[in-house]
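A short write-up of the structure that comes next.
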Amino acid sequence: MRAGRLLAIARKEATQIRRDPRSLWMAFALPILLLMLYGYALTLDVNNLTTIVRDQDATAVSRDFLERLTRSGYFSIVERAAGYDAVERALDGGTAQVAIVIPRNFARDLERGLVVPVQAILDGSDDSAASLAMGYLNAIAGRYSEQLAATRVRRPPPVEGRGRVWYNADLRSRNFIIPGLIAVLMMVIGTLLTSLTVAREWERGTMEQLLATPVRISELILGKLLPYFVIGVTDVLVAAGGGTWIFGVPFRGSGLLLLGFAMVFLAGAVGLGVLISMQTRSQLLASQVAMLTTLLPAFLLSGFVYEIANMPRWLQAITYLIPARYFVSALKSIFLKGVGLSVLWMDAAMLAAFAVAVTAVAMRTFRKRLD
């Protein structure tokens with residue numbers, strides 16, 4: 042393998058990218074646009090839940106409890122109902138997501154030391170918001186009960202559980218969504234862009250012209266991969282900076298470690314793109330196969346959105362074949378935990394193995410196609 046011929050192929054590919062507006066759009070604008078779009082749209086945080094209140098006690102104590110719900114930021118009281126008919130209309134019409142019902146004699150029963158149930162009626166058509174709302178209500182009611190007990194008995198409760206969240210103290214969903222989103226986008230863009238450009242060579246018949254030159258197959262493949270590899274690494278660094286500066290995601294790890302993981306991951310992604318183009322030789326088919334083999338697995342089976350531990354055993358086994366699984370895990374750990382290679386060595390090894398394997402298969406497939 043000669044470096045001069047490899048770099049000549051890489052320069053030729055870079056020139057084609059500069060002359061193709063679609064390639065430039067996909068290489069630089071699309072990743073940032075998708076990061077902004079998904080970064081703002083995809084969030085698991087639930088705030089200001091529209092709430093209707095049925096206060097049957099109407100005392101200073103019940104109003105204080107409702108004020109605590111409002112101050113938490115999770116509940117936004119939009120209506121105070123006079124009866125259950127108004128509650129039902131609000132939930133049916135979608136003007137309220139939660140209904141809080143405070144029973145009669147709420148203040149009197151609390152003064153007597155009795156357990157007073159506060160009813161929450163939730164709109165189960167949005168199960169995520171409903172479960173979070175119930176959790177928020179239980180947490181607020183629990184803190185209220187502890188403070189009330191301490192006031193009544195004049196001493197703190199004997200046992201008090203105090204949780205402390207590490208790495209994401211505010212429990213902001215964007216802090217773990219953005220790193221995972223970078224991995225998913227780079228998997229899709231790196232594979233799709235490479236598969237389209239190589240497939241275009243087959244459609245135009247220019248691949249045969251390249252093969253007629255003294256260039257070796259390894260030099261041809263690696264030379265065509267190099268520009269997209271550099272573009273992908275640049276996109277990762279720009280997306281990481283955007284995630285930190287625009288979305289406020291903390292970055293506690295090593296920039297060099299992030300760069301190293303990005304290089305290994307993208308080597309596999311662009312290698313997969315070449316392999317797809319070898320099998321399809323059509324831009325339309327290459328784009329469809331690339332999206333099918335990258336977007337859905339990376340989005341659903343990488344741990345980006347859905348916890349892998351909650352999946353069926355047979356599906357968990359399949360996730361070991363998804364390279365985005367290891368890059369998502371590494372990015373979250375680098376961004377939020379600041380850990381090093383001593384912790385992430387297994388993820389690095391799996392990504393390197395995938396990159397070597399897919400590139401070797403691509404070269405072997407290329408030779409078979411020529412034969």
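Numbering-wise, the sequence shown is residues 42 to 412 according to the numbering used here. Just so you know, even glycine gets a beta-carbon here, dropped at the ideal spot from N, CA and C.
Tell me phenylalanine 116's beta-bridge partners as DSSP assigns them. Leu90
Between valine 229 and glycine 294, what straight-line distance do the alpha-carbon atoms span, to the nearest angstrom? 25 Å
Would you call the segment 249-264 in contact with the segment 326-334, where contact means no fewer than 3 C-beta pairs closer than 8 Å? no
Would you call the segment 253-264 and the segment 334-348 in contact, with 3 or more CB pairs under 8 Å? no
Which class does arginine 121 belong to by DSSP, given the choice of helix, strand or coil? strand
C-beta atoms of isoleucine 272 and alanine 68 nearer than 8 Å: yes
For glycine 221 and serine 214, the rounded distance between their alpha carbons: 11 Å
Select from Thr56, Ile141 and Arg149 the residue whose C-alpha is nearest the C-alpha of alanine 122. Ile141
Among Leu163, Ser103, Thr111 and Tyr81, which has the Cα closest to the Cα of isoleucine 219? Tyr81
Using a 10 Å radius around the Cβ and a threshold of 16 neighbouring Cβ atoms, would you call glutamine 97 buried or exposed? exposed
If you follow the alpha helix (DSSP H) that valine 139 is part of, which residue opens it and which one closes it? That residue, valine 139, is in no alpha helix (DSSP H); its beta strand (DSSP E) goes 139-143.
Quick check on the DSSP output: the alpha helix (DSSP H) that includes alanine 365 runs from which residue to which? 364-373
Taking only three categories from DSSP, how would you classify glutamine 160? strand
Hey, would you say valine 315 sits closer than 8 Å to valine 397, going by beta carbons? no
How long is the line joining the alpha carbons of lysine 53 and leucine 47, rounded to whole angstroms? 10 Å
Proximity to valine 87 [Cα-Cα], best of Ala371, Asp167 and Phe147: Asp167
Aspartate 96 in three-state terms, based on DSSP: strand
Euclidean distance between Cα positions of proline 353 and leucine 362: 15 Å
Have a look at threonine 360 and alanine 350 and give me their C-alpha separation to the nearest angstrom. 11 Å
Contact defined as beta carbons within less than 8 Å: I believe valine 305 pairs with isoleucine 317. What is the distance between those atoms, to the nearest angstrom? Wrong, their Cβ atoms sit about 20 Å apart, outside the cutoff.
Endpoints, alpha helix (DSSP H) assigned at glutamate 244: 215-245
For alanine 180 and phenylalanine 302, what's the separation of their Cα atoms in angstroms? 39 Å
Are the CB atoms of serine 113 and tyrosine 177 within a distance shorter than 8 Å? yes
Does any heavy atom of the ligand PLP sit closer than 7 Å to the C-beta of tyrosine 115? The model depicted lacks the ligand PLP and carries no ligand whatsoever.
Cβ-Cβ distance between serine 374 and leucine 392 below 8 Å: no
From leucine 103 to aspartate 211, what does the alpha carbon distance come to, in whole angstroms? Residue 103 is actually serine in this sequence, not leucine. So the alpha carbons of these two residues sit roughly 28 Å apart.
Quick one: Cα of leucine 267 to Cα of asparagine 216, how far? 31 Å
Looking at the structure shown, is threonine 334 part of a helix, part of a strand, or coil, going by DSSP? helix
Taking the Cβ atom as the reference point for each residue, do alanine 414 and proline 144 lie within a distance shorter than 8 Å? What is shown of the chain runs 42 to 412, which leaves residue 414 out entirely.
C-alpha gap between glycine 309 and glycine 45, whole angstroms: 23 Å
Out of curiosity, what's the CA-to-CA distance linking serine 172 and leucine 151? 26 Å
Can you grab the Cα-Cα spacing for the pair valine 128 / arginine 95, in whole Å? 8 Å
Proximity to phenylalanine 106 [Cα-Cα], best of Ser169, Tyr185, Ile162 and Arg60: Tyr185
When the Cα atoms are used, what is the spatial distance from phenylalanine 270 to threonine 232? 10 Å
Are the Cβ atoms of leucine 307 and leucine 278 separated by less than 8 Å? no
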